[in-house]
Amino acid sequence: MATVTPISSNRCRRPQQGPGRHRPIGKIPRVRDRQARGSAGTGDGFSFRSRSGNVKCERTGRCDPESIEMKTVELNDLILAIYDTMINSNGWAAVLERVSRYIGARGAFIFELEGVGNQRHIRAPYYSENYNPELVSSYLASHNDQELLDQDTFARLSRPTDQIQLISDEVLAESETELQSRHNVKQMLKWGIRYRAGALLNKDQVNLDRFALQFSSSAGPLSKEHFAKAALLMPHIAKALNVSRPTKQLADKFQSIADCIDMLVIGVCITDAGGRVVHLNQEFQRQIANYPIFRKDSSGRLVMHSDSLGGAWTELRGSLDNHGRFGARPRKEAIISVIENRPHTLCIEVAPLTSADEFGEAKLNGHIIYSMDTGNSYAIDREMLASVFSLTQAEASILEMLAEGMTNVQISEQRAKSVETVNSQVKSILEKTQSANRTQLIRVATNIGASFVRAPSSPK
1 MATVTPISSN RCRRPQQGPG RHRPIGKIPR VRDRQARGSA GTGDGFSFRS RSGNVKCERT
61 GRCDPESIEM KTVELNDLIL AIYDTMINSN GWAAVLERVS RYIGARGAFI FELEGVGNQR
121 HIRAPYYSEN YNPELVSSYL ASHNDQELLD QDTFARLSRP TDQIQLISDE VLAESETELQ
181 SRHNVKQMLK WGIRYRAGAL LNKDQVNLDR FALQFSSSAG PLSKEHFAKA ALLMPHIAKA
241 LNVSRPTKQL ADKFQSIADC IDMLVIGVCI TDAGGRVVHL NQEFQRQIAN YPIFRKDSSG
301 RLVMHSDSLG GAWTELRGSL DNHGRFGARP RKEAIISVIE NRPHTLCIEV APLTSADEFG
361 EAKLNGHIIY SMDTGNSYAI DREMLASVFS LTQAEASILE MLAEGMTNVQ ISEQRAKSVE
421 TVNSQVKSIL EKTQSANRTQ LIRVATNIGA SFVRAPSSPK
């Protein structure tokens with residue numbers, strides 16, 4: 001039987017600063033020969049896609065059911081590797097390299113846009129490990145303005161639906177000649193990059209989680225197969241980035257997530273392949289003790305009390321197909337559990353986790369559960385939320401009160417407005433944020449600019 005390992009925060013230390021483990025300065029490596037021939041770039045060395053779309057074995061040249069099965073296993077392994085970054089953000093470079101090979105691309109990036117006005121700039125927190133960090137930094141600094149214009153075009157052409165749209169760079173200019181004349185394009189051509197594509201992975205906060213792919217001349221222009229393969233992976237990348245925001249904040253501040261996980265205001269629980277609890281933080285323990293939602297059975301498995309929620313709980317702990325269903329708005333996948341018919345609820349999010357080395361679980365093959373008590377008080381970025389969702393000042397003020405845990409009645413009393421007026425304003429906020437209910441709304445609000453890490457001196 002697995003045991004729960006106590007985790008303390010008294011060993012939390014700031015991360016060491018340094019360049020990290022990177023390749024020497026030099027040109028971005030040329031695409032591999034197998035990719036240059038137009039293959040899917042899977043990197044397994046065994047199979048490739050024929051022009052008819054059938055999987056053929058390189059050794060026999062015949063359609064092989066085993067090769068098809070191998071491709072499925074490869075895809076699932078890659079999706080699981082994407083979710084493992086949720087507690088190991090250092091793994092993104094290797095994962096994005098695998099993503100680009102699977103799709104048939106030269107490389108992949110996750111971009112973020114920061115600042116406003118003439119201070120606006122683009123940064124790349126994650127990118128394929130075959131790219132040289134100094135060249136990437138130099139390129140973004142030299143071509144910041146044009147890259148921002150390109151990102152604005154990708155965003156403008158993305159539909160407001162949950163679905164993620166991968167958009168080719170052919171939309172970036174009136175003609176191919178104009179595109180090729182730009183300085184940033186000429187620089188990329190020197191590195192063997194001829195085609196690009198971009199996508200929004202976070203449509204709640206469009207400045208975060210911008211996905212980009214680069215292709216060589218021989219691999220492009222983008223084909224239906226490129227788009228189809230990217231579509232299999234992008235929703236999972238979106239979910240991994242979005243749901244793991246609390247643990248990412250912890251990793252940014254301290255050397256060890258495991259040592260400091262009690263500092264999160266979000267409940268976190270890790271289970272093994274049998275559903276047994278192997279790690280959980282103090283906030284998750286508090287929720288188990290105070291709310292009739294979760295319990296541990298006699299074998300140490302984490303189970304849900306509510307029969308009405310059991311189906312969703314089972315689904316998210318089952319097939320990978322049950323994850324990433326809401327594309328660029330992963331928070332809609334959360335399990336919403338009402339507590340004693342009160343408006344405040346737990347927002348529960350589940351993702352697969354194959355390993356958790358830092359927690360001493362190298363071969364976990366289980367899941368990580370994030371549980372947010374939306375009845376707690378959270379400090380949100382009121383002005384940023386007002387800007388992102390076009391809220392009026394009154395609506396922004398009400399959203400701030402909702403995040404503090406106040407009910408509509410309490411808000412009406414504090415603002416000296418009728419309950420009907422407050423109800424109408426809350427309804428407007430829900431519509432503008434595309435939130436189905438109050439719990440989703442708090443989940444959205446806290447995921448944009450809020451801190452999930454307690455100050456070391458704060459009581460737990």
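For the sequence shown, counting from 1, position 330 maps to 330 in UniProt numbering; every step adds exactly one. Glycine included, C-beta positions come from ideal geometry on N, C-alpha and C.
Delimiting residues of the beta strand (DSSP E) encompassing A212
R210 to F215
key: P352 - containing beta strand (DSSP E), residue span   = Counting along the chain, P352 sits inside the beta strand (DSSP E) bounded by residues T345 to L353.
Leaving out five residues on either side along the sequence, give the residues of the same chain with a beta carbon under 7 Å from the beta carbon of I237.
I82, L201 and F211
Boundaries (first-last residue) of the alpha helix (DSSP H) holding R415: N408 to R415
**OP:** Run the CB neighbour count on K224, radius 10 Å, all protein chains shown included, and call it buried at 16 or more, exposed below.
**Re:** By the neighbour-count rule (16 or more Cβ atoms within 10 Å), K224 is not buried but exposed.
Along the chain, where does the alpha helix (DSSP H) containing S377 start, and where does it finish? No alpha helix (DSSP H) contains S377, which DSSP labels as neither H nor E.
Using 8 Å for Cβ pairs, my map puts I380 next to A455. What's the rounded Cβ distance?
Their Cβ separation, rounded to whole angstroms, is 17 Å, which puts I380 and A455 out of contact at 8 Å.
8 Å contact criterion, which R182 and F215 should meet: CB distance rounded: Wrong, their Cβ atoms sit about 17 Å apart, outside the cutoff.
On the criterion of 16 or more Cβ atoms from any shown chain inside 10 Å, does G198 qualify as buried, or is it exposed? buried
DSSP three-state assignment for A141, whether helix, strand or coil
Looking at A141 - three-state DSSP - the assignment turns out to be helix.
(message) Assuming E112 is part of the beta strand (DSSP E), what are its boundary residues?
(response) G107 to E114
Look up E361 in the DSSP assignment and give the residues it is bridged to. A356
(request) Would you kindly report the start and end of the unbroken beta strand (DSSP E) that includes H372? (result) According to the sequence shown, residue 372 is Met rather than His. For M372, the enclosing beta strand (DSSP E) starts and ends at G366 to D373.
- Message: Check for me: the alpha helix (DSSP H) holding F284 runs from which residue to which?
- Response: Q282 to N290
Among L441, P221 and Q180, the one whose alpha carbon lies nearest that of M401 = Among L441, P221 and Q180, the Cα nearest to that of M401 is on L441.
Worksheet item: For M86, which three-state DSSP category applies?
Response: coil
**Prompt:** Apart from the five residues on each side of it in sequence, which residues of its chain come closer than 8 Å, Cβ to Cβ, to A240?
**Reply:** I82, Y83, T85, M86 and A351
Proximity of N447 and R245 at Cβ, strictly below 7 Å
yes
key: Inter-residue spacing [alpha-carbon to alpha-carbon] between A445 and F359   = Straight-line Cα distance between these residues: approximately 30 Å.
May I ask you to list the residues that DSSP assigns as paired with V73?
Its beta-bridge partners do not exist; DSSP assigns none.
- Unbroken alpha helix (DSSP H) runs of length 4 or more, entirely within the segment 183 to 270: which are they? 183 to 190, 224 to 243, 245 to 253 and 257 to 260
Requested in this report: Hey, could you find the ends of the beta strand (DSSP E) I336 is sitting in?
Outcome: Per DSSP, I336 belongs to the beta strand (DSSP E) from I335 to V338.
**Request:** Just tell me which of E349, P160 and L320 has its CA closest to the CA of K332.
**Result:** Nearest neighbour of K332 by Cα position, chosen from E349, P160 and L320, turns out to be E349.
Can you give me the Cβ contacts of S158 inside the same chain, cut-off strictly under 6 Å, excluding the 5 residues immediately before and after it? Q165 and L200
- With DSSP collapsed to three states, give me the class of S8. Per-residue confidence for S8 stands at a pLDDT of 37, beneath the threshold of 50, marking its modelled position as unreliable; no derived number is given.
query = Is it the case that the Cβ atoms of S377 and Q287 are separated by a distance below 7 Å?
reply = no
inquiry  = Comparing C-alpha positions only, which one of L280, D357, K363 and R120 sits nearest to G267?
reply    = L280
(message) Taking 6 Å as the limit between beta carbons, can you name the residues of its chain near R196, skipping five residues before and five after?
(response) D169 and Q214
**Message:** Taking the alpha-carbon of Y291 as reference, which of D297, M304, D272 and N118 has the nearest alpha-carbon?
**Reply:** The alpha carbon of Y291 has as its nearest neighbour, out of D297, M304, D272 and N118, the alpha carbon of M304.
Output yes or no for whether 7 Å exceeds the beta carbon distance between V409 and V419. V409 is a Cβ neighbour of V419, given a cutoff of 7 Å.
- Going by the CB atoms, is the gap between L346 and A356 shorter than 7 Å? no
* Give the DSSP bridge partners of H279, in chain order. => Beta-bridge pairing links H279 to I270.
- Task: Identify, in the order they occur along the chain, each residue of the same chain with its Cβ nearer than 7 Å to the Cβ of G274, setting aside the five sequence neighbours on each side.
- Result: R301
Can you give the Cα-Cα distance for I293 and Q285, rounded to whole angstroms?
Looking at the backbone, the Cα of I293 and that of Q285 are separated by about 12 Å.
Short of 6 Å in beta carbon distance, which residues of its chain neighbour T439, apart from the five on each side in sequence? Order them along the chain. I336, T345, C347 and T374
According to DSSP, K296 sits in a beta bridge with which residue or residues? L302
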